Each structure stands twice: as C-alpha cells, then as structure tokens.
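J.: Just so we're aligned: the sequence shown equals residues 17 to 87 in our numbering. Think of the CB as a built atom: it goes at the ideal place given N, C-alpha and C, for glycine as much as any other residue. On a predicted model such as this, the values are computed, not experimentally measured, just so you know.
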Amino acid sequence: MQGNRTVAEVCREHTISESTYFNWKAKYGGMTAAEIKRLQELEEENAKLKRMYAEMALECQVLKDLIKKNS
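1) Which two residues bound the contiguous alpha helix (DSSP H) that contains M68?
2) How big is the Cα-Cα spacing for C76 and H30?
3) Where do the N-terminal and C-terminal ends of the alpha helix (DSSP H) with S35 fall, by residue?
4) So, using beta-carbon positions, are V23 and Y37 closer together than 8 Å?
5) Considering just the uninterrupted stretch of the alpha helix (DSSP H) at R28, what are its terminal residues?
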C-alpha cells in the first residue's frame with residue numbers, strides 16, 4: 017500500500033474490486049517485476065500454443081472425416 021491509504025481507496029481509484037486486488041496480491045505479491053513479466057510472457061505463449069493445437073486438431077478431424085468419406 018502507498019502511505020496511509022486503505023485497500024478500498026486504492027481499489028476505487030483504479031476501478032477494481034477488493035477481491036480482485038487480493039487475488040492479484042496472492043498471485044503476484046512475492047514476485048519481482050521481472051518474474052511477473054516472465055509469467056505474463058509464458059501465459060501468452062501458452063495461449064498461443066493452445067490456439068495452435070485447437071487449429072491442428074480441427075484440421076486433423078477434417079482430414080479423418082475426408083478419408084473416412086472416401087473409403
């Protein structure tokens with residue numbers, strides 16, 4: 017916290033709920049800025065890989081259906 021401000025005051029200023037604040041504090045509280053940045057990079061990479069997997073799984077299913085249809 018900054019100075020003598022309460023959690024409620026900071027949350028109002030940044031338009032977030034107190035539960036969001038405490039969730040973020042639990043997730044990021046003991047991390048350095050570099051660790052948080054790395055975590056965000058890994059989360060972005062994971063999301064990208066999940067999208068790629070979903071696309072490839074769909075392509076695979078389409079090809080299986082095509083092979084089955086032509087058999």
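T.: In this structure, then:
1) Element bounds for M68: 49-86.
2) Taking the straight line joining both Cα atoms gives about 45 Å.
3) Note, S35: alpha helix (DSSP H), 34-44.
4) For V23 and Y37, yes; Cβs fall inside 8 Å.
5) Its alpha helix (DSSP H) spans residues 23-29.
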